[in-house]
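**Q**
Protein chains: 2
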Amino acid sequence: MTTSLDGRELAAEIRADAAAGAAALTAAGRPPHLAVVTATTDEASAWYVRSIARAAAKVGIACDVDGEETSAGITAALRRLSADLGVHGIILQTPLPGGARLAELAGAIAPGKDVDGANPLSLGRLVAGLPAFTPATAEAVLAMLDHYQVKAAGRRAVVVGRSVVIGKPVAHLLLDRDATVTICHSRTPDLPAITAQAGILVVAAGRPGLIGPAHVAPGTTVIDVGTNATADGGLAGDVDPAVAEVAGALSPVPGGVGPVTTALLLRHVTQAAAATGTAGEA
Amino acid sequence: MTTSLDGRELAAEIRADAAAGAAALTAAGRPPHLAVVTATTDEASAWYVRSIARAAAKVGIACDVDGEETSAGITAALRRLSADLGVHGIILQTPLPGGARLAELAGAIAPGKDVDGANPLSLGRLVAGLPAFTPATAEAVLAMLDHYQVKAAGRRAVVVGRSVVIGKPVAHLLLDRDATVTICHSRTPDLPAITAQAGILVVAAGRPGLIGPAHVAPGTTVIDVGTNATADGGLAGDVDPAVAEVAGALSPVPGGVGPVTTALLLRHVTQAAAATGTAGEA
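In order, the protein sequences belong to chains U and C.
Here the working numbering is used: position 280 in the first sequence is 280, and no number is missing along the way.
For any residue, its number in the working numbering is found by taking its place in the second sequence, counting from 1, and adding 1000.
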């Protein structure tokens, strides 16, 4: 029987950790503060931003939302917030105006406040094995594996999807854990033959139902990172639920990686705020 | 019969391009200038640095070598050279004093002068698909594939080695070309089973003779990036020469990727110098 890798328990643990950090910072007169910069025109994004703000409030992190209409406005806002001593974490929400690329604009986020690892400098430090904030979704995948004691070292890991925010950083994190990592994508022929070799399969392609039972070998741990909106207003993953009949373990959507991602993002904010304080005192 | 992927002809083409660029810059009163920062204590490194300086002189690029004894000295030198308007390209040579990491110190190299892509910001921009200088050895692998019209799109590529300067950036470059990429390393069990699936096999493990005929399927294109010193003062690759009996094509060591790497490094210097001029005029 397949194990369901529920993320809600782990997310609660991480949120508790963030809340303790936030309480200590607030007691020390330095309440943690997150700023979200978003394009004003996108409704789905606005919904997601409100959900982050609510989650932040629950753990004691203040959250401001800054709506901008142009790339120039976004860059100016990121620079202003980077210089603002009262702001500890900055998230730049996609989609961006005029098709601007996240990594391009996120270069204006101070690395110490780059809590979702969007600045290319953060990504480069991650790839080079230097300390940096990791994109929260990618980190959530590894946190799930750790929580459920899924060993990566010496195993074949297959990542489906090569985005800058998920697929690529996940591949590096798995490589750092001594997995042998294969990155597949929309141009990969014969995907099932490759995914069937995986001991760990991470799916972040943004295509609902892309991975079916024929893609997965018995016993594989499958982490579904897909978040596709359904017609009835719900959320569907990239993995067909029928995979549960084959896989050794499967993280569900919703209730898997998603809640862990938000919790890690909030913990990054308290970590950023704590580091700022330390640096200020040094 | 295996095709030998000689790098010398391609290197000569790139050097000619760099020489033309250097001549144009010099005629415009802006002679290109490369600075190499190196730890004074390493003899093998000193030999390599002298070879770069000679190659630079041949294409009309001035080259200074700055020997430093400590990480602090190196960082100060990199900052000074980054601010020096007369210097267009900066290389930080390894090994570094006291086991310092290249990516850590190379953060002090101005990105516009980072001709060997050593600054983590350059690496992050590369991974994010933004313009940046690419580590020359990694770029040389792709230049060899292009020169010999080896298609990467839709094929399985296997990279053996996960270094920040070669394995990881090569994997990203192959991914950008729509290959399905697997990264193997010292902790990969059953290496031959994985390398035998490769259409393109890039070997950068630093272990002479690691890859033998049993690792390679007939028809595979093998790029050997190994540069291991032999007892008689020569150079040996990571690939057993007997692989030539199986592979479709094999780049030799010496005479394969090596000369292309140096040529690309020099062309990066002329590109950096040309970009500086343009920015100055803008």
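Beta carbons: idealized from backbone N, C-alpha and C, even for Gly.
These numbers come from a predicted model, not from an experiment.
Taking all protein chains shown into account, do 16 or more other C-beta atoms lie within 10 angstroms of the C-beta of Lys113/U, making it buried, or fewer, making it exposed?
**A** Lys113/U is buried by the Cβ-count criterion.
**Q** Counting only beta-carbon atoms, is Ala1231/C nearer than 8 Å to chain U?
**A** It does not; no Cβ of chain U falls within 8 Å.
**Q** Please list, in chain order, all residues of the same chain as Gly117/U whose beta carbon is under 6 Å from its beta carbon, the five residues on each side excluded.
**A** Hits under 6 Å: Phe133, Thr134 and Pro135.
**Q** Could you give the DSSP three-state label for Gly1161/C: helix, strand or coil?
**A** Three-state DSSP puts Gly1161/C in coil, outside helix and strand.
**Q** If you draw a straight line from the C-alpha of Ser1004/C to the C-alpha of Leu1250/C, how long is it?
**A** Each residue's alpha carbon lies about 5 Å from the other.
**Q** Going by DSSP, what residue range makes up the alpha helix (DSSP H) through Val170/U?
**A** First-last of the alpha helix (DSSP H) with Val170/U: Gly167 to Asp176.
**Q** Excluding sequence positions up to five away, which residues of its chain have a Cβ less than 7 Å from the Cβ of Leu126/U?
**A** Within the same chain, Leu126/U has close Cβ partners Gly117, Ala132, Thr134, Pro169 and His172.
**Q** Rounded to a whole number of angstroms, what is the C-alpha to C-alpha distance between Leu1142/C and Asp1176/C?
**A** Straight-line Cα distance between these residues: approximately 11 Å.
**Q** Would you identify the three-state DSSP class for Leu1130/C, choosing helix, strand or coil?
**A** It is coil, neither helix nor strand.
**Q** List, in chain order, every chain C residue whose beta-carbon is nearer than 8 Å to that of Ala103/U.
**A** Residues of chain C passing the Cβ test: Gly1124, Arg1125, Ala1128, Gly1129 and Leu1130.
**Q** Using a Cβ-Cβ cut-off of 8 Å, state whether Val141/U counts as contacting chain C.
**A** Not an interface residue.
**Q** In chain order, what residues of the same chain have a beta carbon less than 6 Å from the beta carbon of Ala1016/C, not counting five sequence neighbours either side?
**A** So no residue of the chain qualifies.
**Q** Determine, using beta carbons only, whether Ala282/U comes closer than 8 Å to chain C.
**A** Because Ala282/U sits at a pLDDT of 33, beneath the cut-off of 50, its placement in the model cannot be relied upon, and the following sentence gives the value as read from the coordinates. By this cut-off, Ala282/U is not an interface position.
**Q** Could you work out which residues of chain U lie near Gly1154/C, taking near to mean beta carbons separated by less than 8 Å?
**A** Going along chain U in sequence order, the residues near Gly1154/C (Cβ under 8 Å) are Arg187, Thr188 and Pro189.
**Q** Of all the residues that make up the stretch 167-178 of chain U, which are near chain C by a beta-carbon distance shorter than 7 Å?
**A** Within the stretch 167-178 of chain U, the qualifying residues are Lys168, Leu175 and Asp178.
**Q** Taking 8 Å as the CB-CB cut-off, is Pro192/U touching chain C?
**A** Not an interface residue.
**Q** For the pair the stretch 1238-1256 of chain C and the stretch 1069-1087 of chain C, tell me if three or more CB-CB distances fall below 8 Å.
**A** Not touching, per the Cβ criterion.
**Q** Residues of chain C with a CB under 7 Å from the CB of Pro32/U: which are they?
**A** In chain order: nothing, as chain C lies at least about 26 Å away.
**Q** Leaving out five residues before and five after Ala1275/C in sequence, what residues of the same chain have Cβ atoms less than 7 Å from its Cβ?
**A** Same-chain partners within the cutoff: Gly1112.
**Q** Among Val181/U, Leu191/U, Val202/U and Asp238/U, whose alpha-carbon lies nearest the alpha-carbon of Pro208/U?
**A** For the residues Val181/U, Leu191/U, Val202/U and Asp238/U, the minimum Cα distance to Pro208/U belongs to Asp238/U.
**Q** DSSP three-state label for Ile1109/C, please.
**A** Three-state result, Ile1109/C: coil.
**Q** What is the DSSP secondary structure of Arg68/U, reduced to helix, strand or coil?
**A** For clarity, residue 68/U is Glu in the given sequence; the question names Arg instead. DSSP places Glu68/U in strand when its eight states are reduced to three.
**Q** Give the interface partners of Arg79/U over in chain C, defined as CB-CB distance under 8 Å, in chain order.
**A** Simply none; closest approach about 17 Å.
**Q** Per DSSP, which residues does Asn1119/C bridge with? Please list them.
**A** According to DSSP, which records beta bridges pairwise, Asn1119/C is partnered with nothing at all.
**Q** How is the alpha helix (DSSP H) around Ile1194/C delimited, first residue to last?
**A** Looking at the DSSP string, the run of the alpha helix (DSSP H) that includes Ile1194/C is Leu1191 to Thr1195.
**Q** How far does the beta strand (DSSP E) with Val253/U in it extend, from its first residue to its last?
**A** It is not in any beta strand (DSSP E) - Val253/U carries neither H nor E in the DSSP assignment.
**Q** Quick one: does Val1115/C have its CB under 8 Å from some CB of chain U?
**A** It does not: the Cβ of Val1115/C has no partner Cβ on chain U nearer than 8 Å.
**Q** Report all residues from its chain with a CB closer than 6 Å to the CB of Tyr148/U; omit the five preceding and five following residues, and keep chain order.
**A** Contacts found: Leu5.
**Q** Which chain U residues sit within Cβ distance under 8 Å of Val1181/C?
**A** Chain U residues near Val1181/C: Thr182 and Ile183.
**Q** Rounded to a whole number of angstroms, what is the C-alpha to C-alpha distance between Gln271/U and Gly1007/C?
**A** Approximately 49 Å between the Cα atoms of the pair.
**Q** Taking only three categories from DSSP, how would you classify Asp224/U?
**A** Reduced to three states, the DSSP call for Asp224/U is strand.
**Q** Specify, as a first and last residue, the run of the beta strand (DSSP E) that Gly21/U falls within.
**A** Not the beta strand (DSSP E): Gly21/U falls in the alpha helix (DSSP H), residues Arg8 to Ala27.
**Q** What residues in the stretch 1043-1057 of chain C bring their beta carbon closer than 9 Å to a beta carbon of chain U?
**A** Within the stretch 1043-1057 of chain C, no residue qualifies.
**Q** Buried or exposed: which applies to Ser51/U, given that a residue is buried once 16 or more other Cβ atoms fall within 10 Å of its Cβ?
**A** The residue is exposed, with fewer than 16 neighbouring Cβ atoms inside 10 Å.
**Q** Can you name the start and end residues of the alpha helix (DSSP H) that His1147/C belongs to?
**A** Start and end: Ala1136 to His1147.
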